[in-house]
Every structure is written in C-alpha cells, then in structure tokens.
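This report concerns only the one structure given below.
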Amino acid sequence: MDVDYCQFKPEIIQIERKNSLGNKKQNIKMQISSEFWLNKVVSSLEKAKVILGIKFECNEYKLEDLIVDSENYGRNYKECIGSQFQPCIGADGNVYVCTNHRGHKKYSYGSIIEKNFSKIWNDIESRKKIMNIINKKEKFSNCTQLCKPHESNKILWSIKKNVKDKDYLAKLKLKSKDLSKNLKHINFI
Ligand code: SF4
Numbered sequence: 093m094d095v096d097y098c099q100f101k102p103e104i105i106q107i108e109r110k111n112s113l114g115n116k117k118q119n120i121k122m123q124i125s126s127e128f129w130l131n132k133v134v135s136s137l138e139k140a141k142v143i144l145g146i147k148f149e150c151n152e153y154k155l156e157d158l159i160v161d162s163e164n165y166g167r168n169y170k171e172c173i174g175s176q177f178q179p180c181i182g183a184d185g186n187v188y189v190c191t192n193h194r195g196h197k198k199y200s201y202g203s204i205i206e207k208n209f210s211k212i213w214n215d216i217e218s219r220k221k222i223m224n225i226i227n228k229k230e231k232f233s234n235c236t237q238l239c240k241p242h243e244s245n246k247i248l249w250s251i252k253k254n255v256k257d258k259d260y261l262a263k264l265k266l267k268s269k270d271l272s273k274n275l276k277h278i279n280f281i
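What the sequence shown shows, in the numbering used here, is residues 93 to 281, in sequence order.
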C-alpha cells in the first residue's frame, strides 16, 4: 500500500454530560490517561521515527501537555480566545462556541436557520455572555482538555498578558519569522 500522508492524533474525548444529548449513562467517558501515552504511544512513535527518517514529523506539544502536566494538560489560560476564531456550526443550524460544545444549546450564539451568520457573529454582547460563563463561571469545567483551539488559546493568552511588553512582541515577531522559514505547508502547522 502506498501512503503519502498519514496523521495520528491523541484521542481526545468530548466530555459527556449526564442527562444531556440523551446520554443517561452513569459512566461518564474520561480522557485516556497520560500514562497510556507515555508507556504505549511514545515508544511506537520512536519506532516510526526510525522507520520513516526525515519523513517523520511529530507535533509533540500535545504529548508534552499530556505527559508533563497530567492535571491541567497545559491549560494555563484564563480565557478561551481561540474559539473566537473558529466557531462550529452544528447540523442543527446552531453556531456553537466550538466543536466540543456542539449540541449543547447553552453554548449556541444563535441559529443560522433563524438569522444569517453575520448577524449572529456581530452580536458581540451575546457572545461575551456565553464566553463569560465558560471562562469565569464554569472555569472550563465543561471543556474538553487539549481541545482544538488549546494551542491557539495558550499563545493568544500569552499575547494578551504581554501586549504592552515591547521585548516580548519583538521576540514573538522574530520567532514567527524563523518558524515561517521551516513551514512545509501552511495548512499543516
Ligand atoms: S477551551 Fe476549548 S472546549 Fe472550552 S470553550 Fe474553548 S475551545 Fe471549547
């Protein structure tokens, strides 16, 4: 079998909530522990590296977060800013905060069946209200660890905290220039 491109991602389970989406099971699904990744996956990745040589690429940041910080999985941010760049439209027409909250109306900004998307998206106050619940009230307790915007959340939070620090911004610019030199494909960062 010829395969040009193959990608494996850590299994991140969407948090199942009791009595929601028809889920009445008592056994709430949990994310696989970091030990699994450390004991089973990392050694397989090492083997793949030997076999594939320069073709092997691994974005290890999520593994690092799983292994190094088995409690918070690297969630050091106090606001989810990343979701404001990548909302999710569910099959039911609702514009949800993110894929992880898809299906839970409490996290819907509105439905494209009732209003057009730009009207929903430009209603900043309604978006703020929902994001305040996630950031301040729930403090991410209903969020999936290592969700898709997790990495962007880390960097955006860091930028927000340091936005007045000229040194920080200069270093960031330099880093971004360096990184862009090594980018093989803009869609696979
Ligand atoms: S932190 Fe992740 S799971 Fe939580 S709202 Fe933001 S994108 Fe969704």
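Glycine included, every Cβ here is placed at the ideal spot set by N, Cα and C.
Does at least one heavy atom of ligand 1 sit under 7 Å from the Cβ of Ser200?
Not under cutoff, so the answer is no.
What does the alpha-carbon distance come out to for the pair Gly289 and Cys239?
Since the first and last residues shown for the chain are 93 and 281, residue 289 lies out of range.
So that I know if they touch, is there some Cβ in chain E lying closer than 8 Å to that of Ile173?
The structure shown contains no chain E; it is built from a single protein chain.
Counting Cβ pairs, one atom from each stretch, are 3 or more of them under 8 Å apart for the segment 222-237 and the segment 129-143?
The segment 222-237 vs the segment 129-143: no contact.
Just to check, is the beta-carbon of His277 closer than 7 Å to a non-hydrogen atom of ligand 3?
Ligand 3 is not part of this structure, which contains only ligand 1.
Taking only the alpha-carbon atoms, compute the straight-line gap between Phe232 and Lys170 and give it to the nearest angstrom.
The alpha-carbon atoms of Phe232 and Lys170 are separated by roughly 9 Å.
Thinking Ile205 and Ile212 are a contact (beta carbons under 8 Å), I'd like their distance in whole angstroms, please.
With 8 Å as the limit, Ile205 and Ile212 do not qualify as a contact, their Cβ atoms being about 11 Å apart.
Any idea which residues DSSP pairs Cys180 with across the strands?
Paired residues: Tyr188.
From Lys139 to Tyr165, what distance separates their C-alpha atoms?
Roughly 25 Å separates the two Cα atoms.
Label Gln178 either buried or exposed according to how many other C-beta atoms from any shown protein chain fall within 10 Å of its C-beta, with 16 as the threshold for buried.
Label assigned to Gln178: exposed.
Examine ligand 1 and report whether any of its heavy atoms sits within less than 7 Å of the Cβ of His196.
Incorrect: His196 has no Cβ contact closer than 7 Å to ligand 1.
Can you tell me which of Cys172, Val95, Cys150, Phe128 puts its alpha carbon nearest to the alpha carbon of Trp249?
Of Cys172, Val95, Cys150, Phe128, the residue nearest in Cα terms is Cys172.
Taking only the alpha-carbon atoms, compute the straight-line gap between Phe100 and Glu152 and give it to the nearest angstrom.
About 12 Å.
So which residues touch the region around ligand 1, with touch meaning a C-beta under 7 Å from any heavy atom?
The answer, residue by residue, is Cys172, Gly174, Ser175, Val189, Cys190, Asn192, His193, Ile226, Phe232, Cys235, Thr236, Cys239, Lys240, Pro241, His242, Asn245.
According to DSSP, which residues form a beta bridge with Ser203?
Paired residue(s): Asn186.
Alpha carbon to alpha carbon, what distance is there between Val189 and Gln176?
Near 7 Å, if we compare the C-alpha coordinates of Val189 and Gln176.
Is the beta carbon of Phe148 less than 8 Å from the beta carbon of Lys154?
Result no, Cβ atoms of Phe148 and Lys154 do not sit closer than 8 Å.
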